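From first to last, the protein sequence lines are chains B, R, G and Y. Here this note's numbering is used: position 232 in the first sequence is 965, and no number is missing along the way. Here this note's numbering is used: position 158 in the second sequence is 891, and no number is missing along the way. Here this note's numbering is used: position 321 in the third sequence is 641, and no number is missing along the way. Here this note's numbering is used: position 253 in the fourth sequence is 573, and no number is missing along the way. Report on one structure; see the data block that follows.
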Amino acid sequence: MTQPEKQPISAQTSAQTADRPRRTYKGSGHPTWCPACGDYSVLGSLDRALTAFGKPEWEIVVVSGIGCSSRFPYFMNTYGFHSAHGRALPVATGLKLACPDLTVIAVGGDGDALAIGGNHFFHAMRRNLDITYLLMDNQTYGMTKGQSAPTSMMGSRSKSSPYGTVELPVDPVWAALTMGASFVAQGASFDIAQLTGLILQALRHRGTALVNVMSPCVTFNRSLDKEYIQSHSYLIGTDHDSGDFHAALHLVLDAEGRFPLGLIYRKEHPTLEERIGGITSHAGGSNTKVDIDKIAAQFL
Amino acid sequence: MTQPEKQPISAQTSAQTADRPRRTYKGSGHPTWCPACGDYSVLGSLDRALTAFGKPEWEIVVVSGIGCSSRFPYFMNTYGFHSAHGRALPVATGLKLACPDLTVIAVGGDGDALAIGGNHFFHAMRRNLDITYLLMDNQTYGMTKGQSAPTSMMGSRSKSSPYGTVELPVDPVWAALTMGASFVAQGASFDIAQLTGLILQALRHRGTALVNVMSPCVTFNRSLDKEYIQSHSYLIGTDHDSGDFHAALHLVLDAEGRFPLGLIYRKEHPTLEERIGGITSHAGGSNTKVDIDKIAAQFL
Amino acid sequence: MISSDNIGGAITIRFEGDSGDGIISMGKVAARTAARLGYHVYTYSTFLAVVRGGQVTFQLRIGSAPLLSQGDDPDILVALNRKAFTDAGPRVRPGGIILHPSIRDDWPKTGPDVRMIDVPLEELSIRETGSARCKNIVASGILLGLLGFSRREGEDVVREMFGGKEGDIADMNVIALGAGYEYGEQAGDVTDHLRFPVLESCRRLLLSGNEAVALGALVGGVRFFAGYPITPASEIMEWLAAEMPKIGGTMIQAEDEIAALAMCIGASFGGVKSMTATSGPGLSLMIELLALAGMAELPVVVIDVQRAGPSTGMPTKEAQGDLNLAIHGSHGEVPRVVIAPQSVADCFRQTIEAVNIAHRFHIPVIVLSSQSLSHRMQTINLSDLHNVPLFEEPFWKPGVVDEQYKRFMQTPDGMPSCRSIPGMEGGMYRAGGLEHDETGNPNFDPEVRRRMVERRRERMHAIQRAFHEMESGEFDCACRSELGLVSWGATASAVFEALQQLKGEGHTFCHLMPRILWPLPDTTFRHFFASGLKYLFVCELNATRQFAEILRARYTAELIKHGVEVISITKDDGLPFTPGELKTAILKELANRACEPKGM
Amino acid sequence: MISSDNIGGAITIRFEGDSGDGIISMGKVAARTAARLGYHVYTYSTFLAVVRGGQVTFQLRIGSAPLLSQGDDPDILVALNRKAFTDAGPRVRPGGIILHPSIRDDWPKTGPDVRMIDVPLEELSIRETGSARCKNIVASGILLGLLGFSRREGEDVVREMFGGKEGDIADMNVIALGAGYEYGEQAGDVTDHLRFPVLESCRRLLLSGNEAVALGALVGGVRFFAGYPITPASEIMEWLAAEMPKIGGTMIQAEDEIAALAMCIGASFGGVKSMTATSGPGLSLMIELLALAGMAELPVVVIDVQRAGPSTGMPTKEAQGDLNLAIHGSHGEVPRVVIAPQSVADCFRQTIEAVNIAHRFHIPVIVLSSQSLSHRMQTINLSDLHNVPLFEEPFWKPGVVDEQYKRFMQTPDGMPSCRSIPGMEGGMYRAGGLEHDETGNPNFDPEVRRRMVERRRERMHAIQRAFHEMESGEFDCACRSELGLVSWGATASAVFEALQQLKGEGHTFCHLMPRILWPLPDTTFRHFFASGLKYLFVCELNATRQFAEILRARYTAELIKHGVEVISITKDDGLPFTPGELKTAILKELANRACEPKGM
Ligand SMILES: Cc1ncc(C[n+]2csc(CCOP(=O)(O)OP(=O)(O)O)c2C)c(N)n1
Ligand SMILES: Cc1ncc(C[n+]2csc(CCOP(=O)(O)OP(=O)(O)O)c2C)c(N)n1
Ligand code: SF4
Ligand code: SF4
Ligand SMILES: [Mg+2]
Ligand SMILES: [Mg+2]
């Protein structure tokens, strides 16, 4: 019996692509975001970072959940999956495990990532699969017109919290760090240069990389606008040792309501694919020669 | 129109209870756990702690998910709710918010709390509702006969990980602490005296209190037996300042695969009920006089 | 019975313009004023899913009797841009009026006998308030003036609508309204033929389907709400977020829909009436816990504001595609009640009914609203707030019991035995999702199991037996026609209008519009089938004829016996039925059948 | 067609004892040896839900032809404690044998003509191996000796079964078997009448329903599995956890069922065949994402090993209560295929069929197994591993495209257009759950929507048209009887036996046992109804007659036309049907009907 063989990715690329013009990773249509939405800059930054990264468009998949930010895949010229609310990470996980050669980028909003998708976030961070997660934090549910989100500041008013929220907000950076992410960075949508750099580093990092982006919703959350972020953030100093977990923890703990912008933590340790790969080679696994009789012999 | 009024709890207690014998919080039937399962001692400890706590059985509700440990409510002589897998915390949250006078204790296993129920754990910790959560950690799924759990040690073998697990384990104590719990303690099922004390403190704490209990599954996870726990744990010293968040973080970080037993962190800050209560009184809310006409006037 | 449109008069007004034009407020001022004067009002607006500009329409129908629909072609068009004129200008009815701020010669022609009035909205606004931003309220004022509605009521409405806003915005708008009113009054004679009196001078509430659900929840005694935002249901949570604290209740935004329902179940176990609201994707996520509520026999109300599915589908579009999920969605078999309101007034009343049923029968109740109903606005009578029967659940009486308290006692009539509530001495028991005996303890004995399966079945029968005490539907099956029609939910309005039109053309239909869709009103249906019926049209907004299939499954024997043919009229394109569409489809099916004998 | 039990011989052996007695291994050694010799084997065991001691039984049926069931009263009883004797001793068939380690005089009497043989298990084990722990394998040996089965095969089986264990345990057990074998051989003449030859000397695999599903997945090409433990489905994940790495596939234990299905959907988007397995509560949680797979037209297989619900229900008990959820469970309407295997061999073959269908039609496929089937063991032929058609999905050919690649191209025959897979140049597109146009871009235009709804409907028709290429069911409707029977899934075994018994009593039934339950095999059913059928019995293990209702809804017109009465035989007490139970229920219904005309 022959098993369907997965083609190696290189074989799937046609010949005439050798000397094509500069790749574009952005789609041709205009995004359907509100004018001045922070997410435009994230799109631009990802486009630039991917250009530097250099992989062809068709080896990249952008996976999202549901939300304004999750519309992202439709504005890209890559493969894309606009999945269900909260499920970007497990979809990305399955895809990456099944096709380790692809570059898999998960994207989503704060609600998608940390409300309904919180459990997947939690478990993705400890798995350390080699994927990049771009989280567009606007401290609100933009798509559903402005309810409070897990990242909303305590006491902030919204359609669903007319008297102010009553729950401790989640800091995505702190959450990722303490849940085991091997790469944690934070950017702001208005600083495209820095953001591009951070995304590029994330793409190059082997392991789960979170880039949290402060990305204002200009329509439904005026309290987190560009000015607020600018006055409540600071660039992480060059003296910060991003390879030191304790230093990273303290950086976040000491931020006290301000947003440290830059690379917070990075440490390479074996990825999930590598660990699973280890098991596979230990078990003698290979996709090409499958001996069903041998496997079935245990039932004899 | 009269609104259905909630009776104050005291009014629901009959008169003849003044001089009844020592209360028992344990049910009369024998638990259906395997002989020597760690959970027996947790049951015993909770019984003792409740005796010291002194509230009558009928003002206590034990809420669980699904798992061996989640059978707990059936072995108690209190109100109980054996809900669905992973859902103990949101059920407990709704109950406590609706009936703040009750003592609500959520219980469950590591799979229930941190696999399927991980998101609720995450959000419960940041809400700081005044409930106690007893987590029976046996690093396995006992009820389903021994698959690996989120707390299983990296590389440990189980029915579902015959070549060893490949994911960073979750430390419930670290998770609760970093997610915002206001009370975090850890006990072991074999030290009933300490465990009773910790549970009692948790019951008395105003806010979400996690007591993680190392509670061996003698049938499906021999690797985490009493001996292992004993040789891999230590009592937290009296010099530890449990009111200091940084100290608590470092205590857990420095434990390096050993289990610190005792009170790790405790700090009182406003509970969710209190914050919601603040909103209610700000809005002039009261259950007894509801003026529907006034409310409906906005639609005129 | 919903009365017919023919009693008294009715006019249709359409406001249309750019998303920045304030079209919605413009229309709402007129709508509310009419409602306060005692008119019945029905509104319908369209806007884009994601806020990013575009055309906005607000259609307002005012009548002296209850209205079935938003109406069709407008009598008055308030057109604020060219597209508005192009869209609707040619459709203005003879004798109608078009108000516009500046007409150009090259704009398309309108129908005959249509008057155009130039309304200098911006000029008036700037002149009177110093700013152009009140021009929309100037337009409202002109309209009120034209129709001769009370200026004072209009001013009150404006003051209250803008009262919460910063600065003197309320005052400015009151001034703008007055200026417009005077302008309109002067041209008032052109509208004489469009004026008609109120039949009953009373104040009516004007609210959307979602608001009516939320208000119904409060009136029905719901004091705990947990939710998660989702289009088109979010407004229910949002309104309750503001109002719950005022009456000492709790609203909490959960981390997801599963948690939301779990919280409601917890609150219900604590004896507090609880509810959540969602749309299709959320209902799918809740299905597992719905079964828990059913097994633990805990009352809980789940509002599902349907939108076009499947999956994320078309979140801002209309559909009735969640019926199967509501009725059949669960692993294993668990009793539940499914209710579908047919109007805004129904959203209010049926939400209360849902709470009553949940607590009377200890059962989860799903209320199927839908996108078009959720955002439609209609008037309901202020007095309706007080004329609703509220069910007081009789709790178990606390005390010391000899044996263990039996939460799940067998009763001969299928009714649940009284609940004890945590806090009640002696009433301790364990609720849960495992099969259990009368005390609630897990028990897998085949005999016990059979009893419990029977118990759950009997509960459904008990509910059916109580139907006569509920507004279980609009049933008109005494007309003894060969033609019958069944529909449910928000389609009711289009259906009733279509039936009127068909009657006008000589086709009299009996109709059954159940509000309670599950369990079905068996007796009513069986009578219906036995009444000489030959063709049964089932109209619903989905592609797989969900309700029709349920009827066919349940009433196969009756359909066979009386030779009734079931004919489905369905669509699933994201839009509600229009009466004309329904009429055409039905006539076509009838024509086919009439030809059949000849053709053979 | 499953052959009848009457060809060749068959005997039933029952092993019973304490949970510590090693009953399962004892039985398995005998079962496997028989299977290797070419016998057909069917086993059934009962043990407690939670591991805490108690009585264990293992019933083993051996036959020379395929077996329909585990049999009834035993020919041989291996009773290791008193309870075993009390339970089953009196039921041993005339001419049968009871093996026991130490009988007491006060034990109850057995039937006539039953021989009792004292077997000194512990003594032999201690004498030969120095330890009592091999006494269960001594018993296996005695049995093999008594039946004259090959000692060498038995020894091989023991060596392989215990080969992985530490120390010399395998050797000890081989010795124990030998000792028992000699003991049994000496008494062998007493079993002459119980011996019968194999018809075809070939090696057969003996495996459980869950193992067969897992093996089927591997053979069918599944290379990605994500799961979450749940009774009674966990073994599928566990077996694949061990085997997937050996063939370069991936198995991952997810954080919950939602994540498990999401991961499968992701892997499927990547072009890798993927599957998950769960039970009812997990299926409920997966319903939202199932719709995503449907909308995005991604192949994925979901195994649902049904257990008694609703909610947590009775996790270790049998039921067929998830059919409605599988067929109708989703908000909005999304195509899916539902398959129910009827035997262990079917678990293997239908899992492969599920993978094939998923990839041929780009659709989610749900396989409904159930508790009793999942743990039942039956033989399948080794050659079956190779005689399975595997569908190779034709992918889109990568290359530079002029316009955008159209993932959701319209095709005239309802078939999906070829998929591009990430990594293929030029094939970039966006998948998702929103309504979309041919490229995959979101589009809510009513016209586009209508096309897409039609597309999803047509997909189902395309599947029906391909039924003749699939093993879509066991259909026997050529017998032209007034009596018909329909059943599905694991009940098949009891049904086939009941039908045989009924035939013996002069009642010949036509029967339809569809494997593919959704979409329904319309043509077959329509022929069936038109064949002179008068009574249609529908047998299923649930209380609300789920499959019967689906048939009534779908075939109302045919039922009316041909005057067929649908009669449901159901139960929902956690136990499978027994043939006797079915026969009695059917005869009772027939008697009622036969009396009817007279009574009136
Ligand atoms: C299961 C489910 N629940 C709820 C929704 C409704 N919904 C769509 S997007 C969204 C939240 C969006 O917030 P976020 O993820 O922060 O994205 P943003 O729009 O702010 O970028 C919600 C609640 C849904 N589509 N599916
Ligand atoms: C939705 C759902 N998924 C899976 C299961 C099966 N299940 C029951 S208990 C359990 C895990 C138990 O592990 P844990 O919570 O650690 O409890 P323990 O038995 O170890 O005390 C699982 C997966 C279920 N009942 N419901
Ligand atoms: S609503 Fe907010 S988040 Fe959404 S597109 Fe507009 S600005 Fe961006
Ligand atoms: S299986 Fe494990 S966790 Fe469950 S009762 Fe037995 S020892 Fe305890
Ligand atoms: Mg957001
Ligand atoms: Mg556990």
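For every residue, glycine included, the Cβ atom is placed at its ideal position computed from N, Cα and C. Fair warning: this is a prediction, and the values are worked out from it, not measured in the lab.
Is the distance from the Cβ of Pro-762(G) to the Cβ of Val-794(R) below 8 Å?
Taking the third sequence and counting its residues from 1, the one referred to as residue 762(G) is at position 442. Taking the second sequence and counting its residues from 1, the one referred to as residue 794(R) is at position 61. No, the Cβ-Cβ distance between Pro-762(G) and Val-794(R) is not below 8 Å.
Strictly under 8 Å for the Cβ-Cβ distance: is Asp-392(G) near chain Y by that measure?
Taking the third sequence and counting its residues from 1, one reaches residue 392(G) at position 72. Chain Y contact via Cβ: absent.
What separation, rounded to the nearest whole angstrom, lies between the Cα atoms of Leu-444(G) and His-648(Y)?
Mapped onto the third sequence, residue 444(G) falls at position 124. Mapped onto the fourth sequence, residue 648(Y) falls at position 328. For Leu-444(G) and His-648(Y), the gap between their C-alpha atoms comes out near 58 Å.
With 8 Å as the threshold, decide whether the Cβ of Ile-343(G) is near any Cβ in chain B.
Taking the first residue of the third sequence as 1, we reach residue 343(G) at position 23. Not an interface residue.
Beta carbon of Ser-891(B): closer than 7 Å to some heavy atom of ligand 1?
By one-based count along the first sequence, residue 891(B) stands at place 158. Flag unset: Cβ of Ser-891(B) not near ligand 1.
Can you tell me which of Arg-524(Y), Gly-641(Y) and Ser-588(Y) puts its alpha carbon nearest to the alpha carbon of Pro-896(Y)?
Here residue 896(Y) is taken as the residue at index 576 of the fourth sequence, counted from 1. When only C-alpha atoms are compared, the closest one is Gly-641(Y).
What does Phe-814(B) pair with, by DSSP beta-bridge criteria?
Translated into the one-based positions of the first sequence, residue 814(B) becomes position 81. According to DSSP, Phe-814(B) bridges with Val-796(B) and Ala-751(Y).
Report the rounded CA-to-CA distance for Leu-1033(R) versus Thr-353(G), giving the unit in angstroms.
Counting from one through the second sequence, the residue named residue 1033(R) turns up at place 300. Counting from one through the third sequence, the residue named residue 353(G) turns up at place 33. Roughly 8 Å between the two C-alpha positions.
Around ligand 3, which residues pass a check of Cβ closer than 5 Å to any of its heavy atoms?
Trp-766(B), Cys-767(B), Cys-770(B), Cys-801(B), Gly-875(B), Cys-950(B), Val-951(B) and Thr-952(B)
Would you list the one or two residues that DSSP bridges to Lys-759(R)?
For the purposes of this step, residue 759(R) is taken as the residue at position 26 of the second sequence. Paired residue(s): Met-809(R).
Return yes when the C-beta of Ala-868(G) is under 7 Å from any heavy atom of ligand 2, and no when it is not.
Your numbering for residue 868(G) matches position 548 in the third sequence. For ligand 2, not one heavy atom lies less than 7 Å from the Cβ of Ala-868(G).
Between which two residues does the alpha helix (DSSP H) holding Ile-1028(B) run?
Position 295 of the first sequence, counted from the first residue, corresponds to residue 1028(B). Start and end: 1025-1029.
Spell out whether any CB of chain Y is found under 8 Å from the CB atom of Glu-575(G).
Along the third sequence, one-based indexing puts residue 575(G) at 255. Chain Y, which has no Cβ nearer than 8 Å to the Cβ of Glu-575(G), makes this no.
Could you tell me the alpha carbon to alpha carbon distance between Ala-561(Y) and Ser-894(R), rounded to whole angstroms?
As a working note, residue 561(Y) is residue 241 in the fourth sequence. As a working note, residue 894(R) is residue 161 in the second sequence. The alpha-carbon atoms of Ala-561(Y) and Ser-894(R) are separated by roughly 6 Å.
Bridge partners of Gly-804(G), per DSSP?
The count along the third sequence starts at 1 and reaches residue 804(G) at position 484. Partner(s): Cys-830(G) and Leu-856(G).
Alpha carbon to alpha carbon, how far is Arg-860(B) from Leu-928(R)?
As a first step, residue 860(B) is located in the first sequence; it is residue number 127 there, counting from the start. As a first step, residue 928(R) is located in the second sequence; it is residue number 195 there, counting from the start. In a straight line, the C-alpha of Arg-860(B) is about 32 Å away from that of Leu-928(R).
Are the C-beta of Phe-764(G) and some C-beta of chain Y separated by less than 8 Å?
Position 444 of the third sequence holds residue 764(G). Taking Cβ atoms only, chain Y reaches closer than 8 Å to Phe-764(G), which makes this a yes.
Measuring straight from C-alpha to C-alpha, what distance separates Asn-326(Y) and Val-361(Y)?
For the purposes of this step, residue 326(Y) is identified with residue 6 of the fourth sequence, where counting begins at 1. For the purposes of this step, residue 361(Y) is identified with residue 41 of the fourth sequence, where counting begins at 1. Unreliable positioning characterises Asn-326(Y) in this predicted model, as indicated by a pLDDT of 41, which lies under 50. A coordinate reading is not provided.
Please compile the residues from chain B whose C-beta is within a distance smaller than 7 Å of the C-beta of Thr-570(Y).
Position 250 of the fourth sequence holds residue 570(Y). Here the neighbours are Leu-830, Ala-831 and Ile-1009.
Among Met-481(G), Ser-694(G), Phe-482(G) and Asp-476(G), which has the Cα closest to the Cα of Ala-810(G)?
In the third sequence, counting from the first residue as 1, residue 810(G) sits at position 490. Residue Ser-694(G) is the option with its Cα nearest to Ala-810(G).
Three or more C-beta pairs under 8 Å: does that hold for the stretch 794-805 of chain G against the stretch 819-828 of chain G?
yes
Please state whether DSSP places Gly-919(Y) in a helix, a strand or coil.
Your numbering for residue 919(Y) matches position 599 in the fourth sequence. For Gly-919(Y), the predicted model reports a pLDDT of 31, less than 50, meaning its position is unreliable and no value from the coordinates is stated.
On the three-state DSSP scale, how would you describe Ile-741(Y)?
Residue 741(Y) sits at position 421 when you count from the first residue of the fourth sequence. Here Ile-741(Y) sits in coil by DSSP.
Using a Cβ-Cβ cut-off of 8 Å, state whether Met-922(G) counts as contacting chain Y.
Within the shown structure, residues of chain G are numbered from 321 to 920, placing residue 922(G) beyond reach of any answer.
Work out the CA separation of Asp-624(Y) and Ile-686(Y) for me, nearest whole Å.
Along the fourth sequence, read from residue 1 onward, the residue named residue 686(Y) stands at position 366. Along the fourth sequence, read from residue 1 onward, the residue named residue 624(Y) stands at position 304. Their Cα atoms are separated by approximately 7 Å.
Which value, in whole angstroms, describes the spacing of the CA atoms of Glu-789(Y) and Ile-344(Y)?
Taking the fourth sequence and counting its residues from 1, one reaches residue 789(Y) at position 469. Taking the fourth sequence and counting its residues from 1, one reaches residue 344(Y) at position 24. C-alpha separation (whole angstroms): 40 Å.
Could you tell me which of Ser-1014(B), Gly-800(B) and His-973(B) sits nearest to Thr-877(B), measuring between CA atoms?
On the first sequence, position 144 is the one that residue 877(B) refers to. Of Ser-1014(B), Gly-800(B) and His-973(B), the residue nearest in Cα terms is Gly-800(B).
Hey, how far is the Cα of Ala-782(R) from the Cα of Phe-857(Y)?
Within the second sequence, the letter at position 49 stands for residue 782(R). Within the fourth sequence, the letter at position 537 stands for residue 857(Y). About 59 Å.
So if DSSP puts Gln-872(R) in a beta bridge, which residue, or which two residues, is it bridged to?
Here residue 872(R) corresponds to residue number 139 of the second sequence, with the count starting at 1. In DSSP, Gln-872(R) forms no bridge with anything.
Measuring only the C-alpha atoms, how far is Leu-538(Y) from Ile-550(G)?
As a first step, residue 538(Y) is located in the fourth sequence; it is residue number 218 there, counting from the start. As a first step, residue 550(G) is located in the third sequence; it is residue number 230 there, counting from the start. Distance between the alpha carbons of Leu-538(Y) and Ile-550(G): 40 Å.
Report the option in Ile-495(G), Arg-453(G) and Thr-843(G) whose CA atom is closest to the CA atom of Arg-472(G).
Within the third sequence, residue 472(G) is the residue found at index 152, counting from 1. Nearest of Ile-495(G), Arg-453(G) and Thr-843(G) to Arg-472(G), Cα basis: Ile-495(G).
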